[in-house]
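Chemist: All residue numbers for the sequence shown refer to our numbering, where the first residue is 3 and numbers rise by one.
Every residue gets a Cβ at the ideal spot worked out from N, C-alpha and C, and that includes glycine.
Quick one: the structure is below, and I'll ask about it shortly.
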Amino acid sequence: MEDHHHLPENLKPFFHRATEAQERLAKLEAALASTKTDIPDAKLVEENKQLQSKLEEANATVKQEQTKFLSMDFYYSR
């Protein structure tokens, strides 16, 4: 980076703020890199599959109950 001593006086505050922003960005990038793993994504995929399976089972049960109800309703309406 350019030496701030060669900048005009009115640009020095901007240079200082830009340098601080770069330092903060570097810290954030380092923190993100240290916490990012593939494990949470894999866990979410597995949990999603489990929920999908349970939903399919529940839908099958509902369809069975509806079929029973409709057949009983048909039987008693005669």
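Can L102 and F17 be called in contact, C-beta distance under 8 Å?
Modeler: Residue 102 is absent from the model: the chain starts at 3 and stops at 80.
Chemist: Mapping the DSSP letters down to three states, classify L9 as helix, strand or coil.
Modeler: coil
Chemist: Could you check the C-alpha separation between E25 and A33 for me, to the nearest Å?
Modeler: 12 Å
Chemist: Using the Cα positions of N61 and A44, report the straight-line distance between them to the nearest angstrom.
Modeler: 26 Å
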